[in-house]
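Novice: I'd like to ask some things about the structure below.
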Amino acid sequence: MDMTVKTLEDLQGMVLGWDRSQSAKVQAVYQRLLACLVVHAHNLRVLHWNVTGVDFDPVHELIGDYYSQLSDFIDEVAEMGLQADIPPVGIVEALEVCGNVLPGDSTYSSEECFKIVGILFNELLQAYQAACEMPIHDDIINKLQEHQQWIRKQLQYKNRQRLQQE
Ligand SMILES: [Fe+2]
270 MDMTVKTLED LQGMVLGWDR SQSAKVQAVY QRLLACLVVH AHNLRVLHWN VTGVDFDPVH
330 ELIGDYYSQL SDFIDEVAEM GLQADIPPVG IVEALEVCGN VLPGDSTYSS EECFKIVGIL
390 FNELLQAYQA ACEMPIHDDI INKLQEHQQW IRKQLQYKNR QRLQQE
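Quick note: to get my numbering, add 269 to the position in the sequence shown (first position is 1).
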């Protein structure tokens, strides 16, 4: 049996299931996911408010639902991070990592909104994928995969709608 005295960080590493030398990278990747969620939830809110045109109501409502769902994801990702000893990011750090912010005073047609939503969701999927490839606890990975699944479903649903229109 290995009787070597472990440092607190070593013990945390053992409990969390990752090697201490990897933990800085894990933290950066995980925080990047949180940053993308924070910034893109904000972007969805801008689209929710600033969509224009005859289909304002359904698009406003759908993007409002996206925003609410992403807000829940932010909370879950931040709190799972805390359990894994990864501090959350504030808005300033989030903007440093993921700086693509939509201006609040622009308007968007429904077509433009969906195009932007597609870009945001794909960026989120990449950030989730990178986090899922980190040596994080299985329970956290499972939850992140659930989030990914929800995002993929929205993208597929939108594509089906487009096909029906053509
Ligand atoms: Fe609203």
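All C-beta atoms in this analysis are idealised placements derived from N, C-alpha and C, irrespective of residue type, glycine included. Computed from a prediction, not measured in an experiment: that's the story for all the values here.
Grab me the residues of leucine 413's own chain with a C-beta within less than 7 Å of its C-beta, minus the 5 sequence neighbours each way, in chain order.
Specialist: Tyr397, Ala400, Cys401
Novice: Whole angstroms is fine: what's the gap from isoleucine 420's alpha carbon to glycine 373's?
Specialist: 24 Å
Novice: In the segment 355-421, which residue ranges form an unbroken alpha helix (DSSP H) of at least 4 residues, counting only runs that do not cross its ends?
Specialist: 360-366, 379-401
Novice: Let me know the secondary structure DSSP gives valine 320 once reduced to three states.
Specialist: Three-state result, valine 320: strand.
Novice: Report yes or no: do three or more beta-carbon pairs, one from the segment 357-377 and one from the segment 296-308, lie closer than 8 Å?
Specialist: yes
Novice: Specify the secondary structure class of alanine 297 as computed by DSSP and reduced to three states.
Specialist: helix
Novice: Hey, which residues come within less than 6 Å of ligand 1, measuring from Cβ to any heavy atom, in chain order?
Specialist: The answer, residue by residue, is His317, Gly333.
Novice: Residues in its own chain within less than 6 Å of aspartate 344 by CB, not counting five upstream and five downstream?
Specialist: none
Novice: By the 10 Å Cβ neighbour count, where 16 or more other Cβ atoms means buried, how is serine 223 classified, buried or exposed?
Specialist: A question about residue 223 goes unanswered here, because the residues of the chain that appear run from 270 up to 435.
Novice: What would DSSP say about alanine 353, mapped onto helix, strand or coil?
Specialist: Of the three classes helix, strand and coil, the one that applies to alanine 353 here is coil, per DSSP.
Novice: On the CB-based measure, 16 or more other CB atoms within 10 Å of its CB, does isoleucine 388 come out buried or exposed?
Specialist: With fewer than 16 other Cβ atoms within 10 Å, it is exposed.
Novice: Can you tell me whether tyrosine 426 is buried or exposed? The criterion is at least 16 other CB atoms within 10 Å of its CB, across all chains shown.
Specialist: The residue is exposed, with fewer than 16 neighbouring Cβ atoms inside 10 Å.
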